[in-house]
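Student: Read in full-length UniProt numbering, the sequence shown has 418 at position 418, and its numbers run on one by one without any break.
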Amino acid sequence: MDEILTYAQAAPAETVSYATADGLLSSVWLLVAIPLLSAAVLLLLGRRADRWGHWLGVAAVGAAFVLGLTYFLGLRGLENKSVQLSLWDFIAVGGLHVDFGLLFDPLAGVFVLLITGVGFLIHLYAVEYMAHDPGRRRFFAYFNLFVAAMLLLVLGNNYVMLYFGWEGVGLASYLLISFWNTRPAAATAGKKAFLMNRVGDAGLAIAIFIMFATLGTTQYDEVFNGVGALAGGTVLVLGLLLLLGAAGKSGQFPLQAWLPDAMEGPTPVSALIHAATMVTAGVYLIARSNIIFSANTTLQLVVVSVGALTLLMGAIIGCAKDDIKRVLAWSTVSQIGYMFLGVGLGGAAYALAIVHLLAHGFFKANMFLGAGSVMHGMKDQVDIRRFGGLSKYMKITWLTFAAGWVAIIGIIPFSGYFSKEPIVEAAFAREGWTAWLFGGAAVLGAGLTAFYMTRLFVLTFHGPKRWTTDIEHPHESPPLMTIPLILLAVGSLGGGALLATSVPDWLTATAGLAATEEHHTVLPHLAIFFLAQGVTVLGAVLGWYLFRNGTAIEPQPAGVVVTAARKNLYSDTVNEAVFEKPGIFLTRALVYLDNRGIDGLVNGLAAGVGGGSGRLRRLQTGFVRSYATSILTGALLVVAAFLAVQAGWLA
Numbered sequence: 001m002d003e004i005l006t007y008a009q010a011a012p013a014e015t016v017s018y019a020t021a022d023g024l025l026s027s028v029w030l031l032v033a034i035p036l037l038s039a040a041v042l043l044l045l046g047r048r049a050d051r052w053g054h055w056l057g058v059a060a061v062g063a064a065f066v067l068g069l070t071y072f073l074g075l076r077g078l079e080n081k082s083v084q085l086s087l088w089d090f091i092a093v094g095g096l097h098v099d100f101g102l103l104f105d106p107l108a109g110v111f112v113l114l115i116t117g118v119g120f121l122i123h124l125y126a127v128e129y130m131a132h133d134p135g136r137r138r139f140f141a142y143f144n145l146f147v148a149a150m151l152l153l154v155l156g157n158n159y160v161m162l163y164f165g166w167e168g169v170g171l172a173s174y175l176l177i178s179f180w181n182t183r184p185a186a187a188t189a190g191k192k193a194f195l196m197n198r199v200g201d202a203g204l205a206i207a208i209f210i211m212f213a214t215l216g217t218t219q220y221d222e223v224f225n226g227v228g229a230l231a232g233g234t235v236l237v238l239g240l241l242l243l244l245g246a247a248g249k250s251g252q253f254p255l256q257a258w259l260p261d262a263m264e265g266p267t268p269v270s271a272l273i274h275a276a277t278m279v280t281a282g283v284y285l286i287a288r289s290n291i292i293f294s295a296n297t298t299l300q301l302v303v304v305s306v307g308a309l310t311l312l313m314g315a316i317i318g319c320a321k322d323d324i325k326r327v328l329a330w331s332t333v334s335q336i337g338y339m340f341l342g343v344g345l346g347g348a349a350y351a352l353a354i355v356h357l358l359a360h361g362f363f364k365a366n367m368f369l370g371a372g373s374v375m376h377g378m379k380d381q382v383d384i385r386r387f388g389g390l391s392k393y394m395k396i397t398w399l400t401f402a403a404g405w406v407a408i409i410g411i412i413p414f415s416g417y418f419s420k421e422p423i424v425e426a427a428f429a430r431e432g433w434t435a436w437l438f439g440g441a442a443v444l445g446a447g448l449t450a451f452y453m454t455r456l457f458v459l460t461f462h463g464p465k466r467w468t469t470d471i472e473h474p475h476e477s478p479p480l481m482t483i484p485l486i487l488l489a490v491g492s493l494g495g496g497a498l499l500a501t502s503v504p505d506w507l508t509a510t511a512g513l514a515a516t517e518e519h520h521t522v523l524p525h526l527a528i529f530f531l532a533q534g535v536t537v538l539g540a541v542l543g544w545y546l547f548r549n550g551t552a553i554e555p556q557p558a559g560v561v562v563t564a565a566r567k568n569l570y571s572d573t574v575n576e577a578v579f580e581k582p583g584i585f586l587t588r589a590l591v592y593l594d595n596r597g598i599d600g601l602v603n604g605l606a607a608g609v610g611g612g613s614g615r616l617r618r619l620q621t622g623f624v625r626s627y628a629t630s631i632l633t634g635a636l637l638v639v640a641a642f643l644a645v646q647a648g649w650l651a
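#1: If you draw a straight line from the alpha carbon of Ser626 to that of Leu636, how long is it in whole angstroms?
#2: Less than 8 Å between the beta carbons of Met263 and Ala315, yes or no?
#3: Does the beta-carbon of Phe146 have 16 or more other beta-carbons within 10 angstroms, so that it is buried, or is it exposed?
#4: I need the straight-line Cα distance from Tyr452 to Asp323, nearest angstrom please.
#5: Going by CA-CA distance only, name the one from Leu155, Gly410, Val93 and Tyr570 that's closest to Val537.
#6: Looking only at its own chain, which residues have a Cβ that is under 6 Å from the Cβ of residue 665, when we skip the five neighbours before and after it?
#7: Is the stretch 553-562 close to the stretch 391-405, with three or more CB pairs under 8 Å?
#8: Spatial neighbours of Val303 within its chain, please: CB distance less than 7 Å, with the 5 preceding and 5 following residues excluded, ordered by chain position.
#9: For Thr398, which residues of its own chain have a beta-carbon under 6 Å away from its beta-carbon, when the five flanking residues on both sides are left out?
#10: Measure the beta-carbon distance from Leu448 to Gly337 and round it to whole angstroms, keeping in mind my assumption that it falls under 8 Å.
#11: Put Leu5 into one of helix, strand or coil per three-state DSSP.
#12: Check the C-beta distance from Val154 over to Tyr284 and give it rounded, since I have them as a contact under 8 Å.
#13: Three or more C-beta pairs under 8 Å: does that hold for the stretch 264-283 against the stretch 203-220?
#14: Taking just the CA atoms, how far does Leu171 sit from Gly101?
#15: Just confirm the distance between the C-beta atoms of Leu42 and Ala205, as a whole number of angstroms; I'd bet it's less than 8 Å.
#16: Per DSSP, what kind of secondary structure is Trp180 in: helix, strand or coil?
#17: Could you please give the first and the last residue of the uninterrupted beta strand (DSSP E) stretch that includes Val578?
#18: Ala92: buried (16+ other C-beta within 10 angstroms of its C-beta) or exposed?
#19: For Ala13 and Thr310, what's the separation of their Cα atoms in angstroms?
#20: Grouping DSSP H, G and I as helix and E and B as strand, with all else coil, what is Gly156?
#21: Whose C-beta lies closer than 7 Å to the C-beta of Ala640 among residues of the same chain, with five residues either side of it excluded?
#22: If we call anything under 8 Å between Cβ atoms a contact, is Ile354 one with Ala565?
#23: Below 8 Å on the Cβ atoms is my guess for Gly377 versus Ser477; work out the distance and round it to an integer in Å.
#24: Rounded to the nearest angstrom, what separates Ser178 and Pro134 at their Cα positions?
#25: Going by the beta-carbon positions, is the gap between Asn296 and Gly372 smaller than 8 Å?
#26: Going by C-alpha to C-alpha distance, which of Arg455, Ser502, Met367 and Arg137 sits closest to Leu56?
#27: Give the single residue among Thr217, Val424, Glu222 and Phe457 whose Cα lies nearest to the Cα of Ala308.
#28: Give the range of the alpha helix (DSSP H) segment to which Ala565 is assigned.
#29: Thinking C-alpha only, which one of Tyr71, Ile528 and Gln300 is nearest Trp436?
#30: What residue range is occupied by the uninterrupted alpha helix (DSSP H) comprising Trp55?
#31: For Phe363 and Val118, which I take to be in contact (beta-carbon distance under 8 Å), what is that distance rounded to the nearest angstrom?
#32: Can you tell me whether DSSP reads Val28 as helix, strand or coil?
#33: How big is the Cα-Cα spacing for Asn290 and Phe224?
#34: Near Tyr125, what residues of its chain come up, given a Cβ to Cβ distance below 8 Å and the 5 sequence neighbours on each side ignored?
#35: Along the chain, where does the alpha helix (DSSP H) containing His123 start, and where does it finish?
#36: For the beta strand (DSSP E) containing residue 658, name the first residue and the last one.
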């Protein structure tokens, strides 16, 4: 109780303003333009760029990284460390005025370096990984389109620009996940990712409409300065809609089902989307909108609850998966849950979530690419039950994967400890019983993470060989694939300490991310340290002990919890029962109503007119006697009517 925490409370109200970019920083638009232009060139030139198109893609992202680093260093000399650039009027309709503007501040800067830096290494890796794929040029075009959209997302200076980047990321991810569209599973996964993200995208779009309706603007600074004038209910609804968008893009409950299925795409896609970029977009959205979320304690509680629930769900399911990429996918779901937990805690805990996001980008990209290296040497085998003993044959992959393993489980002094431990401590700094609830969830998640990641590591690289008969000599990957692994492994091991000591201070210049008032934890810092480390070590030791001699190749009968974990905690079943089946029923009912009701009425009238016309047509016989009879009958009727009127019968 006597330990003090300085980052668990909401930041005080402040006026947000950004300086106008000039000098070198006035060219920040090049960060988006370069990868976008390269994508356009690769798509427009077609097969003429097959021989060199991949290198254009790599060079474009590399150039964006160099520029991003230059701009990042340029911020250090500015007083408020943030500049914005308005390029042109993007939308001007009535009272709606939206600039095509960019904002480069400490938060955007660290995301730019992550996207382009880790993205460059993944691009380099993909050159060799996709070497024999006939669609490699098209792959790099989609890859660079994705990078450009992600950069627009984090650099936009208003929510409309963020939304355009948001939608671009969704489109590019669909193209990449379903890249091998001749495979039914890949095509289905792409559609699933696209449709589930549409739910979150709709929430974000409605939130933007509410901003304009209530505040008359979507500019970040104007929105943040006006939040204090909004009613509490409006802020709550606005925040919940933003959270829905964030949950969809970051694979958080209840929109997490698309992310593991996205493993059907090429492995570099998994590394780029599920480590460094797309899945972190939701965390960026909440961190950027921190003034909105900090204005309502109920909203913060909802974000923390979503993060805690998702981190446990992902960890539990990850313990029961046998596909190497799906284990890492559920690990990503869980680790982003930690980030949501951090941003939900408020105050400078936002910065802690960003530290974990950056560290996670290194070690998760490292592990995804390591998984691709294993698959490359094992003829695309993905079942960890069919691995074993690979440390003797793939030493570089083994060592670099080991670096990612010790980083993600959070053992001191490796990267994950410095990025995840502060979030655990921040959870214990909440008031009342929620400190024990969310702190306990964070500690339990740490133990489960250590267990399933150790299981993955041991079954893949240690224990007896369990290879299929067609694999005789697994081989190490070529240098173009192992060099990125080595660089990412270095970042995985040492990046956490560097980030933890520099990023929080750097982010204080970003609105709402400054350290605030002190707050007590419910446990002493030393007790939290030993608790978290003890549970982590226990999970790792248990995982190594249980799987050191391998595992059964075929699924074995299991208890209720393991069976549920194998079936994704029945989340897909729930989605089918709650959304899919009612949706199908509603669709069929609407089709029936349309066919029998609306179309039935229109078609019935048409049929009636047609039938009447057919009967009238029978009078047209073509014989003179028929026409004479008709004329005589008509004349008699006219005479009879005249006589009736004269006689007063029709008066």
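Every residue, glycine too, gets a C-beta built ideally from N, C-alpha and C.
Tutor: Taking the structure as given:
#1: 15 Å
#2: no
#3: buried
#4: Cα-Cα distance, rounded: 12 Å.
#5: Gly410
#6: Beyond the ends of the chain as shown, which are 1 and 651, falls residue 665; an answer cannot be given.
#7: no
#8: Leu243, Ile286, Phe293, Phe340, Val343 and Gly344
#9: The displayed chain sequence assigns Trp, not Thr, to residue 398. Hits under 6 Å: Ser391 and Phe461.
#10: The Cβ separation is near 11 Å, so there is no contact.
#11: With a pLDDT of only 44 at Leu5, under the threshold of 50, the placement of this residue in the model should not be trusted; the figure read from the coordinates follows. Strand, per DSSP.
#12: 6 Å
#13: no
#14: One C-alpha to the other measures close to 22 Å.
#15: Contact flag wrong, Cβ pair sits at about 30 Å.
#16: coil
#17: Element bounds for Val578: n/a, residue is neither H nor E.
#18: exposed
#19: Low local confidence applies: a pLDDT of 49 at Ala13 is under 50, so the model's placement there is unreliable, and no value is given.
#20: It is a strand residue.
#21: none
#22: no
#23: With 8 Å as the limit, Gly377 and Ser477 qualify as a contact, their Cβ atoms being about 6 Å apart.
#24: 15 Å
#25: no
#26: Arg137
#27: Val424
#28: Val560 to Arg566
#29: Ile528
#30: Gly53 to Leu75
#31: Between Val118 and Phe363 the Cβ distance is about 11 Å, and since that is not below 8 Å, they are no contact.
#32: coil
#33: CA-to-CA, the gap between Asn290 and Phe224 works out to about 9 Å.
#34: Pro268, Ala271, Leu369, Gly372, Leu480, Met481, Pro484 and Leu485
#35: Pro106 to Tyr129
#36: In this structure the chain extends from 1 to 651, so residue 658 is not present and cannot be described.
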